[in-house]
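Novice:
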Amino acid sequence: MSSTDTVLPGSGRPGAPPADTSAAEPPAPAGRGPLRRLRESRTLPGLALGGLCLAYALGAAAGWGSPQLSIFMGDFGLAAAALAAALSCLVYGCTVGGHARPAWLLFGLSSSMVSLGNGAWGWYELVVRTQPPRDSLADYAFLLFAPLAITGVLVLAQHPRSAAGWLCLLLDGWLIAGSLFTLSWSLALGRIAAGESGSPLRLALNLAYPVLDILLVSLVVGLRFSGRDGNRAAVHTAMLALAVTVTCDALFTSPELHSTYHSGELLDAGWFSGSLLLAWAPWSPRRRRPLREHPSAGGLPRRRVATTFSALTPYAAAAVCTAGILYNALGGRQLDRVVAAAACTVGLALILRQGVMLLDNLSLAQELAHKEAHFRSLVQGSSDVIMIAGANGVLSYVSPAALGVYGRDPEELVGGNLLDLVHPEDVGRVLSEVRRYLARVRLAAHRTPGTVEASARVECRISSGVGEWLHVESTVSRHRDGLLLNSRDVTERVMLQAQLQHNAFHDPLTDLPNRALFAQRLRAALGSRGQQGGTGAGIAVLFLDLDGFKAVNDTAGHQVGDELLVQAARRLQGAVRCGDTVARFGGDEFAALVCGPLGRLQVQELAERLRIALSEPYWIGGVELGVAASIGIAFGTPERGPAADPRAAADELMRNADLAMYRAKSEGKGRVVLYAPAMRADLERRTELEERLRVAVREGGFTLLHQPVVDLVSGAVTAVEAQARWRSAGGLLLTPAEFLRSTEHGDAATRFSRWLVQEAVTAAADRRAVSGRGRGGVPLPVPVAVRLSAERLCSPGLYETVAAALRDTGLPAGELVIEVARMGPDRLADELGRRLTALRGLGVSTWLAGYGAGGGSLGALARLPLDGLKLDRTLVQGLGDSALSRTLAGHALRLGRDLGMATAADGVDLPRQIAALQELGCRLAQGSAFAPPLDETRLRRALARRGYPLPKPLGTLSARRAHLAADTRTSGRPDAGGGRVPHHHGASDLPEHPAAAGPAAGPHGETVIPPA
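Each residue of the sequence shown is one higher than the one before, counting from 2 in the numbering used here.
1) Could you tell me the alpha carbon to alpha carbon distance between Asp910 and Ser883, rounded to whole angstroms?
2) Do Ala630 and Leu615 have their C-beta atoms closer together than 9 Å?
3) Please state the DSSP three-state secondary structure of Thr511.
4) Kindly indicate which residue of Gly633, His559, Phe544, Ser400 has the alpha-carbon position closest to the one of Glu590.
5) What does the alpha-carbon distance come out to for the pair Asp563 and Val542?
6) What are the start and end residues of the alpha helix (DSSP H) that includes Asp652?
7) How long is the line joining the alpha carbons of Thr838 and Ala697, rounded to whole angstroms?
8) Given a cut-off of 9 Å on the beta-carbon distance, is the pair Val561 and Val628 in contact?
9) When DSSP builds the beta bridges, which residues end up paired with Glu590?
10) For Glu126, is the classification buried or exposed, using 16 other Cβ atoms within 10 angstroms of its Cβ as the cut-off for buried?
11) DSSP three-state label for Asn487, please.
12) One question on the structure: do Ala890 and Val877 come within less than 9 Å of each other, judged by their Cβ atoms?
13) Tell me, please, which residues DSSP counts as bridged to Gln847.
14) Using the Cβ count rule (16 or more neighbours within 10 Å means buried), how would you classify Arg668?
15) Taking the alpha-carbon of Pro709 as reference, which of Thr751, Asp748, Val785 has the nearest alpha-carbon?
16) Given a threshold of 16 other Cβ atoms within 10 Å of its Cβ, counted over all protein chains shown, does His985 qualify as buried or as exposed?
17) To the nearest angstrom, report how far apart Gly702 and Arg728 are at their CA atoms.
18) Classify His559: buried if its beta carbon has 16 or more other beta carbons within 10 angstroms, exposed otherwise.
19) May I ask you to verify whether the region 510-521 touches the region 414-421, counting CB pairs closer than 8 Å and requiring at least 3?
20) If you drop the 5 nearest sequence neighbours on each side, which residues of the same chain put their C-beta closer than 6 Å to that of Val145?
21) Determine the extent of the beta strand (DSSP E) in which Tyr619 is found, giving its start and end residues.
22) Report the CB separation of Leu951 from Leu713 in whole angstroms; it is logged as a contact under 8 Å.
23) What is the rounded straight-line gap between the Cα of Ser384 and the Cα of Ala402?
24) Determine, using beta carbons only, whether Gly356 and Gly408 come nearer to each other than 9 Å.
25) If you compare alpha carbons, which of Tyr852, Leu921, Glu801 is closest to Ala822?
26) Would DSSP call Cys579 helix, strand or coil?
27) Compute the Euclidean distance between the alpha carbons of Pro148 and Leu379, then round it to the nearest angstrom.
28) At 4 residues or longer, and completely inside the region 401-461: list those alpha helix (DSSP H) runs for me, N to C.
29) Measuring CB atoms only, is the region 467-484 touching the region 369-377, in the sense that at least three cross pairs come out at less than 8 Å?
30) According to DSSP, is Leu599 part of a helix, a strand, or is it coil?
31) Using the Cβ count rule (16 or more neighbours within 10 Å means buried), how would you classify Leu958?
32) Is it the case that the Cβ atoms of Leu880 and Leu921 are separated by a distance below 9 Å?
33) Give me, in chain order, the residues of the same chain whose beta-carbon lies closer than 6 Å to that of Leu484; leave out the 5 immediate sequence neighbours on both sides.
34) Taking the alpha-carbon of Ile819 as reference, which of Gly844, Ala903, Gly580, Trp848 has the nearest alpha-carbon?
35) Measuring CB to CB, does Gly600 end up less than 9 Å from Arg578?
36) For Lys871, which residues does DSSP report across the bridge?
Now the structure itself:
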């Protein structure tokens, strides 16, 4: 037995596994008993109605126990039932709208006529105690019942939409009416007409009632009815009630029953039941049935000339007419002319009706052939492969598209098994999807019968004629006892999806895994070790950064840089093991994931091999290029157990490796550094400091002090340098050494620099406004100096901050000095030169502070637009004791003078340092030998003093003056004695006091503040 026997579950074939049909069984509603379900389905009122009719029939069969009660129930009982039907139909007709409203009102009026007739009949029998006379009110009331009911039936009937439909309707009506008239005339109407031969009016009245009943029955039987308001059950119940009533009328018309009839007998039970059925009809439960749709009608009901029931109508009518003729013939009676005429018309109508049916059938056959050809052309011309498989999986039809899609002849596929074409790995999944679909279809059909069956989509691989496996998407639906499959080739789409998925997790340049895939594999590795109870010691993450790659990009171009990255990726792949992962995160950053039984020493050796491999020369386009590699290593923490979160652990491990890599770059590049917890603590400390700095700037935690800059010739205060101090919680002003170091990097550093510039310019403008006036009322200029690093000067927005501060405060640009704390790396030299040039364009002076310490080439010093330079305190400290310091300081001052710059010294704390600077020709100085940083009140007092006393010179006066005279060349700018004052740094409020020596002393090192 092959596997194809299991395509359709429940097919009865041996070997087929039992399908899971639990989903197809509808769940039983909880808490709903039989009585409640009976009440909700409106079955209980129907049962009560049936019980009432049965009780009336039993009472009529028993004679009601007494003649008087029998007459009462036969007259007034029927009148009450008819009155109930009249009120029910009238109330329903008044409350509902639509096309059915007039019909229900007419049914109510017809029932009221029956109630009036039965009431009049009972009046004569019970009140007057006599038989009703001929041509009484009861006869005319009963006579009006049929016309009203016939009109209501015509209102409810569906009207034909074509002339052929109207012709068929008239022929069917006459066939039914003529056959019934023939039978009735043979049974009773002929004798009634013969007995009333003397009175035409009486004959018409006696024949009118049965003829109208025949017409009513013909309409009920021949017409089609539909509940367009959704209540088909109400219409059908009303038609049944009218049919019961007309049947009882026909029995009453027969001479045998008419002569022996008395009120209250069993015949009255039929009229009673008909009235109660008509009373119940408007309120019968609504039952919606789905419309049967034709496949070619686009979901709309099919319009046909003849219905299934009307096709049988001619034969039934002919049978009834034949029964009437046979009744006369077998009874030995002569053939009545009325019967003969009616039979002839019925036969003629039957012939015409058959001709119309024949033409209709020919038209339908042509339409069916046309639509069949249309659908055949659609199927054969479709690019999708359409297949029909039986319950055992055998293909019974395959469309011609299989030749173009699968490369197989459709005729060869017919008779074969569907699963023989499916890839062996996909057979189980296909069977599972089909079983699930069939179970869902059975469940939907059980819950909501008549609904359109859903379809299912199944993807699998199909063998092509050339031996390849094609990815095929099939829409599966039921077809009789099998399946209908509409399949299309989606191989290109599947390949594109696979390529897109690959691109989403791989670097497009090197084809290495990207950050997302690397993190996914790292989380999987950590999760698997956590489930196994491992410690994670066998997992290491290496972050690699190429040192000098930017220079390659700038000099050789980005195309060469891309080729270098590709070669570096290949070297990394060749240096790691097969199970390790190498990824590119972007730019020149790579990462490696090492898993397995490797110790820390082995991982370090692997990292060293990677560094050496990346540092070897690269030959690209015949040119040798070289880069180095900085590598950081982080190991999985041993304390992580099975309950650890792999995502959080992976993120932390990657952050640690990143920290180690940046530590390797900061320590000189081209090296391997292992992660240590101190790196994390250092990062957290810097982050905390930056946050404290941000808060201090925002909430006013900093204050501004100024240190005077003194002229070493006259002792006058020529400028002041703005210095920030941190205001502690106790109100003390402390030197924030760690804060100052943290201001070198980050957004907080930029904000602090902007605040420092704005506060210094504002304070200088305020002093200018309140300062005393000299000759001619011109304010005495007191320039202010602001010291910033090269990185901060090159940061975005600083130039705009300086310009806005000068514009808003009105301070002349010549009274602002920007000092470069250090030149920084050579890569910033060009940008720093542009920024200094822009500032000098505003009229701001520019100085180089801290000269003699730190990096920076002399060539960059010559190219920068500077007005002066200031010796670093490290050169000034040993001037009084060390001949080497004096020599170095002398050469530095001479270099500044040769470049046309003014000279100054920082950190002058002792009188002998002042004397030494005077001998070396330094023009300006600042330090605690003159004054420490002062608040605003003490600063204004020092400015009012106009100067500080200078110590006696150590050498001859002529020599000292010669050096000082050489310093008067300040790049073409006048000194403090005339016009614009050189932008130097100021002196002290105290004439002289000792200061602590060492690197921590000075304006930026007086007090060390703990981190937090």
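The beta carbon of each residue, even a glycine, is placed where N, CA and C say it ideally should be.
Specialist: The structure says:
1) Rounded to the nearest angstrom, the gap between the Cα atoms of Asp910 and Ser883 is 16 Å.
2) When the beta-carbon positions are compared, Ala630 and Leu615 come within less than 9 Å of each other.
3) Here Thr511 carries a coil assignment [DSSP, helix/strand/coil].
4) Minimum Cα distance to Glu590 is reached at Phe544.
5) Each residue's Cα considered, the two are about 24 Å apart.
6) Residues 647-667.
7) Distance between the alpha carbons of Thr838 and Ala697 is about 32 Å.
8) In this structure, Val561 keeps its C-beta atom at 9 Å or more from the C-beta atom of Val628.
9) Paired residues: Asp546, Gly587.
10) Its Cβ being crowded by 16 or more others within 10 Å, Glu126 is buried.
11) Correct three-state label for Asn487: strand.
12) In this structure, Val877 lies closer than 9 Å to Ala890 by Cβ.
13) It is Thr, not Gln, that sits at residue 847 in the sequence shown. DSSP lists Ile819 as partners of Thr847.
14) Inspection of the sequence shows that residue 668 is occupied by Glu rather than by Arg. Exposed is the call here.
15) Here the closest residue by C-alpha is Val785.
16) For His985, the predicted structure reports a pLDDT of 37, less than 50, and the residue's modelled location is therefore unreliable. The matter cannot be settled from this model.
17) Whole-angstrom Cα-Cα distance: 5 Å.
18) Around the beta-carbon of His559, fewer than 16 other beta-carbon atoms lie within 10 Å, marking it exposed.
19) No: fewer than three Cβ pairs fall under 8 Å.
20) The displayed chain sequence assigns Leu, not Val, to residue 145. For Leu145, same chain residues with a beta-carbon under 6 Å away, outside a window of 5 residues either side, are Met114 in chain order.
21) Segment 619-621, the beta strand (DSSP E) holding Tyr619.
22) That pair is a contact at about 7 Å.
23) Roughly 6 Å separates the two Cα atoms.
24) In this structure, Gly408 does not lie closer than 9 Å to Gly356 by Cβ.
25) Looking at the Cα atoms, Tyr852 is the closest of the given residues.
26) Residue state for Cys579 is assigned as coil, using DSSP reduced to three classes.
27) Spanning the two alpha carbons is a distance of roughly 54 Å.
28) For the region 401-461, whole alpha helix (DSSP H) runs of length 4 or above, ordered along the chain, are 402-406, 411-414, 428-448.
29) The region 467-484 vs the region 369-377: no contact.
30) If DSSP states are grouped into helix, strand and coil, Leu599 belongs with coil.
31) With a pLDDT of only 40 at Leu958, under the threshold of 50, the placement of this residue in the model should not be trusted; the figure read from the coordinates follows. That one is exposed.
32) Between Leu880 and Leu921, the gap from beta carbon to beta carbon is short of 9 Å.
33) The answer, listed in chain order, is Ala390, Val477.
34) Out of Gly844, Ala903, Gly580, Trp848, Trp848 has the C-alpha closest to the C-alpha of Ile819.
35) Contact flag unset, no.
36) Lys871 pairs with Ala905.
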